[in-house]
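Report on the structure given below.
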Amino acid sequence: MRFKIIRTIIAVCALAPAFVLPASGCGTEPSVFPSAAPSPAETDVPSVITKEWDPGELLMADFTLYNVDCGSVSETSFPEGTSRGLCQSVSDQPYGKDPVTEAVWGYREDPSVLREEDSLGEGFTVSKWVIDKETTDPNQTSICYDFQVPEGNYTVTLGFFNPFGVRKIDVDCEGRKRISGEKILRYSTNEKEFDVSVSDGELNLKVYNSAANTFMETPILSYIKIAKEPEYTRELLAAAVEAMSGVNTDDYTSESAEAYLSSLEKAKTYLAKESNKGSASIKLKFKDLRESYKMLTKKYKYDSFRPGEVWTDTEGTPVQAHGGQVQQMEIPDPDTGKTVTKWVWVGEDKTHGYRGGVCAYTSDDLYNWHYEGIIMRNVPSRRSLEKEEYFKSLYAGYTDAQLDDVALALDAERAVIERPKLIYNEKNKQYVLWFHADGPTATSDSNYAAACAGVAVSDTPFGPYRFVGRYRLNTCPPDQEDKHPQSRGMARDMNLFRDTDGTAYIIYSSEENLTLYISKLNDDYTYLATPPEQAVYGKDFIRLFPGAQREAPALFLKDGKYYLMTSGCTGWAPNQARYYMADSVMGEWVSYGDPCIGDEKHTTFDSQSTCIFQDPATGTWIYMGDRWFSDKLNDSRYIWLPISFTDKGEMRIGFVSEWTLK
Ligand code: DGJ
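Using our numbering, the letters of the sequence shown correspond one by one to residues 34 to 695.
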């Protein structure tokens, strides 16, 4: 069982009273301000709690003797399941004997500080401490609580939810100022914690604002938790190990699960030994275990697509796979070595902004994605290729000139790596990664001067991928009009397509993005089928829609028809999609216009295409686009939408804010 304390955030706040009341103060201890409140001695209960709790009981209560909902004047404001302290049977009460535990505790009923219930909406119940409007004297506007406790050390946690303007808070406890002039910001929950030692059987607490000038600055307080410092014995550690064992760590993020398992193991190892190094060592083990147990973080499980929302991986980190591609692949299971079918998503890692490497994720259901890591890293420096182990082994055998090429093409400071696409080569069992490899050249500082297609290979799906080369590709034949003759063979936004006969093609923007090209790849999928100088138009490559300025291509085959989705060229800003259909890859491509329905702004629902694929289990075709945030590229979102097809095979995409595979 987890013993995390769940708190409702309940505000107790100072507000204008409807009437003026006589002044009074609080506190039975030597306090910063004198007190006129009755002391526990005036009540007919023992002045000291003698009760002892066994370690297991304390543990289950998280050592909490009191967990007071200061906002509550009723029994209901803490949510169900909130644990109360061991000395407490009601969520709050005026100072006096607890009806069940008989411990003496509660707020001092100051006639100038009354409480009223109110509701703030958003699930907050607020009780107001109604304070004398005429005075800001902290002595008369303080919120005071006293708690009967056994002698010992305590951690006091105070929670403040502030629905008003910034308030300042001072706290006295056990005769000392513990918090001084702390600013409690608006609309946030502020938690403050301090340790105290109690020797007289009562913990005295006073919350006030010594700098209050108007009643609007009088104090607020939402909850108080008083936890006993345990005695660090072997029994306590054993009780903790027992109570905190048996967690199904698969349900939790691996980072938090690893920390928990490691501290649990350390505690068990300690207990297994005969020797007892003493309480300091036990305290360390105990605190580690308790902390890591509390920090266990549940994996978030998606059961739908929510286009445009932040999409986190199974560890809770936003997915970094922009300009990406999703496909089903047969890959070796890292644990068993057996082949398993997984969805694989590769894309640009924009964690650090514009420049980054390529990330991969896997999934069984397309909703939940497991991070497989950076499969192709960019290169921090030419030197790192020979110094860093990762690069050294990856590029062992490369000549100096080849290493120069790698450093230039993957330069972390200058290179641009976009729209990575992965293809498996059945023939030689190699994974081939193609990407838009760009960056400045010797003659231009532009980030898109190189305009090349890059290739990297690996024997395993998740790399590391070894850079092979970056190339300019086919050029406009002499009998056709080159839209950008000054720079030939350019290759920018790109995608891959493998046809049913195993032939693979690269589809890319060329001629300064004015013309799309489709070029055939060789059998290894690592270069063109025929080098540009010998390539035959119509057999090795074709030019599409010269001057139409299309990019972000996504080619797919459905029911014998080839579809090509594209965007216009407007940088990171979205624009209107257009798609084309043909009977073969190298055939006649005919425009069918914009497939989006209800896209009033004509911006492809604020996205740009990157991949279209089918889920064979449900038959659903999925449009995958990027909603780029140019000011914060790492926060760019994914727009996945279901595609429908008319009887004539025309594509239709409508926006749905949440949807599932059916
Ligand atoms: C649009 C392209 O599709 C993106 O991949 C990227 O290159 C941006 N242009 C840069 O402006």
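A virtual CB, placed ideally from N, CA and C, is assigned to each residue, including glycine.
Buried/exposed call for residue i, threshold 16 Cβ in 10 Å
{"i": "residue 252", "result": "buried"}
{"i": "residue 194", "result": "buried"}
{"i": "residue 186", "result": "exposed"}
{"i": "residue 290", "result": "buried"}
{"i": "residue 218", "result": "exposed"}
{"i": "residue 395", "result": "buried"}
{"i": "residue 665", "result": "exposed"}
{"i": "residue 662", "result": "exposed"}
{"i": "residue 350", "result": "exposed"}
{"i": "residue 519", "result": "exposed"}
{"i": "residue 355", "result": "buried"}
{"i": "residue 608", "result": "buried"}
{"i": "residue 461", "result": "exposed"}
{"i": "residue 511", "result": "exposed"}
{"i": "residue 474", "result": "exposed"}
{"i": "residue 525", "result": "buried"}
{"i": "residue 567", "result": "exposed"}
{"i": "residue 333", "result": "exposed"}
{"i": "residue 387", "result": "exposed"}
Three-state secondary structure assigned by DSSP to residue i
{"i": "residue 427", "result": "helix"}
{"i": "residue 560", "result": "coil"}
{"i": "residue 400", "result": "coil"}
{"i": "residue 296", "result": "helix"}
{"i": "residue 89", "result": "helix"}
{"i": "residue 384", "result": "coil"}
{"i": "residue 319", "result": "helix"}
{"i": "residue 277", "result": "helix"}
{"i": "residue 353", "result": "coil"}
{"i": "residue 267", "result": "helix"}
{"i": "residue 289", "result": "helix"}
{"i": "residue 223", "result": "strand"}
{"i": "residue 647", "result": "strand"}
{"i": "residue 325", "result": "helix"}
{"i": "residue 547", "result": "coil"}
{"i": "residue 538", "result": "strand"}
{"i": "residue 379", "result": "strand"}
{"i": "residue 436", "result": "helix"}
Cβ-heavy atom distance, residue i to the ligand DGJ, below 7 Å
{"i": "residue 609", "result": "no"}
{"i": "residue 446", "result": "no"}
{"i": "residue 416", "result": "no"}
{"i": "residue 489", "result": "no"}
{"i": "residue 604", "result": "yes"}
{"i": "residue 585", "result": "yes"}
{"i": "residue 356", "result": "yes"}
{"i": "residue 361", "result": "no"}
{"i": "residue 641", "result": "yes"}
{"i": "residue 526", "result": "yes"}
Residues bridged to residue i (per DSSP)
{"i": "residue 365", "result": "372"}
{"i": "residue 641", "result": "659"}
{"i": "residue 482", "result": "Paired residues: none, contrary to the question."}
{"i": "residue 692", "result": "338"}
{"i": "residue 686", "result": "629 and 676"}
{"i": "residue 255", "result": "According to DSSP, residue 255 bridges with nothing at all."}
{"i": "residue 177", "result": "239"}
{"i": "residue 406", "result": "393"}
{"i": "residue 205", "result": "210 and 239"}
Residue i to residue j span [Cα, whole Å]
{"i": "residue 214", "j": "residue 246", "result": "13 Å"}
{"i": "residue 645", "j": "residue 293", "result": "41 Å"}
{"i": "residue 393", "j": "residue 495", "result": "7 Å"}
{"i": "residue 421", "j": "residue 389", "result": "18 Å"}
{"i": "residue 301", "j": "residue 188", "result": "27 Å"}
{"i": "residue 712", "j": "residue 359", "result": "No information on residue 712 is available, as it lies outside the stretch 34 to 695 that the chain covers here."}
{"i": "residue 458", "j": "residue 399", "result": "23 Å"}
{"i": "residue 263", "j": "residue 321", "result": "14 Å"}
{"i": "residue 528", "j": "residue 198", "result": "54 Å"}
{"i": "residue 576", "j": "residue 622", "result": "10 Å"}
{"i": "residue 257", "j": "residue 267", "result": "30 Å"}
{"i": "residue 642", "j": "residue 288", "result": "34 Å"}
{"i": "residue 523", "j": "residue 670", "result": "28 Å"}
{"i": "residue 94", "j": "residue 100", "result": "10 Å"}
{"i": "residue 84", "j": "residue 182", "result": "9 Å"}
{"i": "residue 675", "j": "residue 631", "result": "14 Å"}
{"i": "residue 380", "j": "residue 331", "result": "26 Å"}
{"i": "residue 571", "j": "residue 345", "result": "43 Å"}
Near the ligand ATP: residue i beta-carbon under 7 Å from a heavy atom
{"i": "residue 451", "result": "Annotation note on the ligand ATP: not contained in the displayed structure, which lists the ligand DGJ as its ligands."}
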